[in-house]
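Engineer: The structure's right below; bear with me while I get my questions together.
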Amino acid sequence: MIKGNFKIEKIVQEERSDQELFEDLIEQSGVGSNMVFRTTKKDDELFLDDL
Amino acid sequence: MSNSIPFELSEKTYKKLLKIKNKKGLSKNTWDEFINSLISYGNENNTNAKIIENIIRKNAITYWYESWVRNFSINLTNIWNDKSAQDLIHTKNHYTSALIIGRGPSIKKFNHLKLLSESNFKGSIVCTDGSLPDVLNAGITPDKFNLFVVTIDAQENQKSLYEHPVTLQFGKGIKCILSTTAHPTVHNAAKNAGMDVFWIHTLFDHEKGKKSFNQIQGIMTRAKNSEKKIPAIQTGANVGTSAWVIAWSILGCKNIGMIGIDLGYDDDISWKNIRYHGNPIPENIDMNSSAFKKAYPTVHNPDYGCNCKQDPLFQYYCNALKEFIQKTKDKINTINATEGGALFGEGIKCITLKEFLQKYNF
Chain A
60 MIKGNFKIEK IVQEERSDQE LFEDLIEQSG VGSNMVFRTT KKDDELFLDD L
Chain B
467 MSNSIPFELS EKTYKKLLKI KNKKGLSKNT WDEFINSLIS YGNENNTNAK IIENIIRKNA
527 ITYWYESWVR NFSINLTNIW NDKSAQDLIH TKNHYTSALI IGRGPSIKKF NHLKLLSESN
587 FKGSIVCTDG SLPDVLNAGI TPDKFNLFVV TIDAQENQKS LYEHPVTLQF GKGIKCILST
647 TAHPTVHNAA KNAGMDVFWI HTLFDHEKGK KSFNQIQGIM TRAKNSEKKI PAIQTGANVG
707 TSAWVIAWSI LGCKNIGMIG IDLGYDDDIS WKNIRYHGNP IPENIDMNSS AFKKAYPTVH
767 NPDYGCNCKQ DPLFQYYCNA LKEFIQKTKD KINTINATEG GALFGEGIKC ITLKEFLQKY
827 NF
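Each protein sequence line maps, in turn, to chains A and B.
Residue numbering for the first sequence follows our numbering, beginning at 60 and increasing consecutively.
Residue numbering for the second sequence follows our numbering, beginning at 467 and increasing consecutively.
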């Protein structure tokens, strides 16, 4: 079991709070009209001659 | 993973971490990647960029998936019968230039459409659909220029751009490159305007194998004619980036200029007056908070010596386009002639439109 001490936990909670607010802002910002495509085959990420 | 270190967590802690991991849109990433996203303070901008991309991607596919499937199914007969963007590949000429036209604020600020209309630019002009009426009204018409227009959006209101009186006047002679997931009424409007339509697929879930809708699209496209091939592009989530990909991958241009691709707002406009992406700034947010400044930063463009504001969507688009430009910089010259905005960095040459027209007019 990993054990932490109270002081460190308190600092982490404050940072998370700011991070959570940031993520909430992103959630509320919209979805755009399409999406960035990601794949592990980086050569296929930008263009394919055919599907 | 090599050199991994085993450790123990309580089930309660594990469940908490799993919840955070999923909320960040990192459900498919490794635990190592997730934990690094929490602790990479030295690379905070990169981490924030990943969080922005993961959240918006997750929301986009949830929001659009049904529209894409519905539009594709209705378009299918026309996809079978009309031309593929593959037909344009055969005409490609690696020695020509292309100019992408977006509708960012710099295009009016620097009177770029007038400058272009008065030029004898010989390369291909690839308009984003939203810019088309302004482009034609400025005198950039298919009788004088090699003109393309691109639509990737799924919503019906894009058709109004094709029904605009000036589009109807000059539609014949414009080549329309249309996503197979675009709204069917957009196809009808483009044809009614006299345009030649060339279909293209947009990539969104191809990596998921045979169960992905992208791969099903490929099978259905070839169902009637096994020889029919329709290329598929990375959209970068917006039509400007799609136009950039089309310019090199389909039209085969090596030198690609851009105007109106600000990917941000003028710095002198207050956030309260900005509505471009539809969602106003949340009320009661502290604009001096660290969270706000990360989500809505003011970016300094050192090449043009200007500042611009970005919302999360513009950050998402801009980060992706910069990454794609970096990846292709050895084979494609990307020249930003917008004269403002947030697009600068490795592989991007920032100059004026006047300089672009002098240097790349072929």
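Glycine included, every Cβ here is placed at the ideal spot set by N, Cα and C.
1. DSSP three-state label for M724 (chain B), please.
2. Only counting the same chain, and skipping five residues up and downstream in sequence, which positions put a Cβ closer than 7 Å to that of I573 (chain B)?
3. Please confirm if V711 (chain B) has its CB atom under 8 Å from at least one CB of chain A.
4. Keeping to the same chain, check which residues put their C-beta closer than 6 Å to that of V652 (chain B); ignore five residues upstream and five downstream.
5. Using three-state DSSP, classify D109 (chain A) as helix, strand or coil.
6. So what does DSSP say about F664 (chain B), is it helix, strand or coil?
7. How is the alpha helix (DSSP H) around T617 (chain B) delimited, first residue to last?
8. With 8 Å as the threshold, decide whether the Cβ of R523 (chain B) is near any Cβ in chain A.
9. Tell me which residue opens and which closes the beta strand (DSSP E) that K793 (chain B) is part of.
10. Do you know how far the Cα of L717 (chain B) is from the Cα of V615 (chain B)?
11. Considering only residues of the same chain and omitting the five flanking positions on each side of A648 (chain B), which have a CB-CB separation below 8 Å?
12. Let me check one thing: in DSSP terms, what residues is T701 (chain B) bridge-paired to?
13. Can a CB atom of chain A be found closer than 8 Å to the CB of G730 (chain B)?
14. Going along the segment 603-631 of chain B in order, which residues come within less than 7 Å of chain A, judged by CB to CB distance?
15. Beta carbon of P778 (chain B), beta carbon of S88 (chain A): below 8 Å?
16. Short of 6 Å in beta carbon distance, which residues of its chain neighbour I747 (chain B), apart from the five on each side in sequence? Order them along the chain.
17. Note down the Cα distance separating F81 (chain A) from E519 (chain B), rounded to an integer number of angstroms.
18. Considering only the alpha carbon of each residue, which of B:C642, B:N827 and B:N767 lies closest to D548 (chain B)?
19. According to DSSP, is N586 (chain B) helix, strand or coil?
20. What first and last residue would you give for the beta strand (DSSP E) that runs through S572 (chain B)?
21. Suppose the cutoff is 7 Å on Cβ atoms and the five residues either side in sequence are ignored; what does the same chain contact list for K588 (chain B) look like?
22. I'd like to know whether the C-beta of A439 (chain B) is nearer than 8 Å to at least one C-beta of chain A.
23. Just how far apart, CA to CA, sit F96 (chain A) and Q700 (chain B)?
24. Please state the DSSP three-state secondary structure of H653 (chain B).
25. How many whole angstroms separate the CB atoms of D108 (chain A) and K695 (chain B), which I take to be in contact at a CB cut-off of 8 Å?
26. For a test of the three-state rule: what should DSSP assign to V632 (chain B), helix, strand or coil?
27. Among B:K760, B:K674 and B:I798, which has the Cα closest to the Cα of N512 (chain B)?
28. Would DSSP call Y770 (chain B) helix, strand or coil?
29. Nearest-angstrom Cα distance between D734 (chain B) and R688 (chain B)?
30. Does any residue of chain A bring its CB to less than 8 Å from the CB of Q792 (chain B)?
31. For Y507 (chain B), count the other beta carbons within 10 Å of its own beta carbon; 16 or more makes it buried, fewer makes it exposed. Which is it?
32. Do G684 (chain B) and L105 (chain A) have their beta-carbon atoms positioned less than 8 Å apart in this structure?
33. So the alpha helix (DSSP H) N603 (chain B) belongs to, where does it begin and stop?
34. Confirm, please, whether the CB-CB distance from A698 (chain B) to H667 (chain B) is below 8 Å.
35. For K690 (chain B), does the three-state DSSP call read helix, strand or coil?
36. Please work out which residues of its chain come closer than 8 Å, Cβ to Cβ, to M467 (chain B), disregarding the five sequence neighbours upstream and downstream, and give them in chain order.
Structural biologist: Here's the rundown:
1. The count along the second sequence starts at 1 and reaches residue 724 (chain B) at position 258. Here M724 (chain B) sits in strand by DSSP.
2. Here residue 573 (chain B) corresponds to residue number 107 of the second sequence, with the count starting at 1. Hits under 7 Å: L579, I725 and G726.
3. Residue 711 (chain B) sits at position 245 when you count from the first residue of the second sequence. It does; some Cβ of chain A falls within 8 Å.
4. The residue you call residue 652 (chain B) lines up with position 186 of the second sequence. Once the five neighbours on either side are set aside, the close Cβ partners of V652 (chain B) are T617, Q624 and K625.
5. Here residue 109 (chain A) is taken as the residue at index 50 of the first sequence, counted from 1. Coil at D109 (chain A), not helix or strand.
6. Against the second sequence, residue 664 (chain B) aligns to sequence position 198. In this structure, F664 (chain B) counts as strand in the three-state DSSP scheme.
7. Taking the second sequence and counting its residues from 1, one reaches residue 617 (chain B) at position 151. Looking at the DSSP string, T617 (chain B) is not in any alpha helix (DSSP H); the run it does join, the beta strand (DSSP E), is N612 to T617.
8. Walking along the second sequence from the start, residue 523 (chain B) turns up at place 57. Yes - at least one Cβ of chain A is within 8 Å of the one on R523 (chain B).
9. Residue numbering aside, residue 793 (chain B) sits at position 327 when the second sequence is read from its first letter. Premise fails: K793 (chain B) lies in the alpha helix (DSSP H), P778 to T794, not in any beta strand (DSSP E).
10. Along the second sequence, read from residue 1 onward, the residue named residue 615 (chain B) stands at position 149. Along the second sequence, read from residue 1 onward, the residue named residue 717 (chain B) stands at position 251. Note on geometry: alpha-carbon atoms of V615 (chain B) and L717 (chain B) lie some 13 Å from one another.
11. One-based indexing of the second sequence puts residue 648 (chain B) at position 182. Same-chain partners within the cutoff: N537, N541, T617, I618, D619, A620 and Q624.
12. The residue labelled residue 701 (chain B) in the question sits at position 235 within the second sequence. According to DSSP, T701 (chain B) bridges with nothing at all.
13. The residue given as residue 730 (chain B) occupies position 264 in the second sequence. Not an interface residue.
14. Cβ contacts with chain A come from I618 and D619.
15. One-based indexing of the second sequence puts residue 778 (chain B) at position 312. One-based indexing of the first sequence puts residue 88 (chain A) at position 29. A contact, by the Cβ cut-off of 8 Å.
16. Working through the second sequence from its first residue, we reach residue 747 (chain B) at position 281. The beta carbon of I747 (chain B) lies closer than 6 Å to those of W737 in the same chain, with the five residues before and after it left out.
17. The residue given as residue 81 (chain A) occupies position 22 in the first sequence. The residue given as residue 519 (chain B) occupies position 53 in the second sequence. Across the structure, F81 (chain A) and E519 (chain B) are spaced so that their CA atoms are roughly 13 Å apart.
18. On the second sequence, position 82 is the one that residue 548 (chain B) refers to. Checking every option, the nearest Cα to that of D548 (chain B) belongs to B:C642.
19. Along the second sequence, read from residue 1 onward, the residue named residue 586 (chain B) stands at position 120. Coil, per DSSP.
20. Reading the second sequence from its first residue, position 106 is the one you call residue 572 (chain B). Looking at the DSSP string, S572 (chain B) is not in any beta strand (DSSP E); the run it does join, the alpha helix (DSSP H), is S572 to K575.
21. As a first step, residue 588 (chain B) is located in the second sequence; it is residue number 122 there, counting from the start. The answer, listed in chain order, is N827 and F828.
22. In the structure displayed, chain B extends from 467 to 828; residue 439 (chain B) sits before or after that span and is not available.
23. Looking up residue 96 (chain A) in the first sequence gives position 37. Looking up residue 700 (chain B) in the second sequence gives position 234. Distance between the alpha carbons of F96 (chain A) and Q700 (chain B): 6 Å.
24. On the second sequence, residue 653 (chain B) is found 187 positions in, with the first residue counted as 1. If DSSP states are grouped into helix, strand and coil, H653 (chain B) belongs with the helices.
25. The count along the first sequence starts at 1 and reaches residue 108 (chain A) at position 49. The count along the second sequence starts at 1 and reaches residue 695 (chain B) at position 229. Sure, about 7 Å apart at Cβ, within 8 Å.
26. Taking the first residue of the second sequence as 1, we reach residue 632 (chain B) at position 166. Reduced to three states, the DSSP call for V632 (chain B) is helix.
27. Taking the second sequence and counting its residues from 1, the one referred to as residue 512 (chain B) is at position 46. Per the C-alpha coordinates, the member of B:K760, B:K674 and B:I798 positioned closest to N512 (chain B) is B:K760.
28. Reading the second sequence from its first residue, position 304 is the one you call residue 770 (chain B). Looking at Y770 (chain B) - three-state DSSP - the assignment turns out to be coil, as it is neither helix nor strand.
29. Counting from 1 along the second sequence, the entry for residue 734 (chain B) is found at position 268. Counting from 1 along the second sequence, the entry for residue 688 (chain B) is found at position 222. Between D734 (chain B) and R688 (chain B), the C-alpha separation is close to 51 Å.
30. To locate residue 792 (chain B), count along the second sequence from 1; it is residue 326. Chain A contact via Cβ: absent.
31. Mapped onto the second sequence, residue 507 (chain B) falls at position 41. Low confidence applies to Y507 (chain B): its pLDDT is 44, below 50, so where it sits in the model is not reliable, and the reading given next is rough at best. Exposed.
32. The sequence position of residue 105 (chain A) within the first sequence is 46, counting from 1. The sequence position of residue 684 (chain B) within the second sequence is 218, counting from 1. No, the Cβ-Cβ distance between L105 (chain A) and G684 (chain B) is not below 8 Å.
33. Mapped onto the second sequence, residue 603 (chain B) falls at position 137. L598 to N603 is the span of the alpha helix (DSSP H), which, as asked, contains N603 (chain B).
34. On the second sequence, position 201 is the one that residue 667 (chain B) refers to. On the second sequence, position 232 is the one that residue 698 (chain B) refers to. Taking 8 Å as the Cβ cut-off, H667 (chain B) and A698 (chain B) qualify as a contacting pair.
35. Position 224 of the second sequence holds residue 690 (chain B). Reduced to three states, the DSSP call for K690 (chain B) is coil.
36. Working through the second sequence from its first residue, we reach residue 467 (chain B) at position 1. Since pLDDT at M467 (chain B) reaches only 48, below the 50 mark, its modelled position is unreliable, and no value is offered.
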